[in-house]
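J.:
Residue numbers (the numbering used here): 64 to 174.
Structure follows, in C-alpha cells:
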C-alpha cells in the first residue's frame with residue numbers, strides 16, 4: 064500500500080530558529096542523531112526508535128521534526144514511516160548533521 068507523504072516546509076523555507084527549537088529536546092535530537100548516522104537514508108518505522116516515552120509523545124516529537132523540515136513522514140494508515148531530509152538540510156544548513164554526530168565537547172577545563 065502506498066503511503067501518503069506528510070510534508071513539511073520547502074527546503075528554501077527551512078528556518079534555523081525552528082530547527083534549533085526542534086533539536087532542543089533530547090528525544091528529538093536522539094532521533095536525528097540516529098537518522099544522520101544512517102548514510103543510506105532509508106525509511107524507518109516510527110516505532111524503531113528506542114525512546115522511553117509514550118506513543119502519543121513520540122507522535123508529537125515526530126510532528127515537531129516534520130514541521131521544522133527535518134524529516135518526512137509517510138502515513139500508511141496503520142503505521143507511519145520517517146525519512147531524513149538530508150539533502151534539504153545540507154543544502155540549507157551545511158554541516159548541521161555532522162554536528163549532531165559530534166557529541167559533547169571533551170572536558171578541557173584545567174585540573
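No residue lacks a Cβ here, since even glycine has one placed at the ideal position from N, Cα and C.
1) Let's test the definition: count the other Cβ atoms within 10 Å of the Cβ of residue 83 and tell me whether it reaches 16, buried, or not, exposed.
2) Please name the residue in 134, 164, 155, 125 whose C-alpha comes closest to that of residue 114.
3) Would you list, in sequence order, the uninterrupted alpha helix (DSSP H) runs of no fewer than 4 residues that lie entirely inside the region 70-121?
4) Does DSSP put residue 164 in a helix, a strand or coil?
5) Quick check on residue 159: does DSSP put it in helix, strand or coil?
T.: Reading off the structure:
1) That one is exposed.
2) Nearest option by C-alpha distance: 125.
3) Every alpha helix (DSSP H) of 4 residues or more that sits fully in the region 70-121 is shown, in chain order, as 79-86, 89-100.
4) Helix, per DSSP.
5) Of the three classes helix, strand and coil, the one that applies to residue 159 here is helix, per DSSP.
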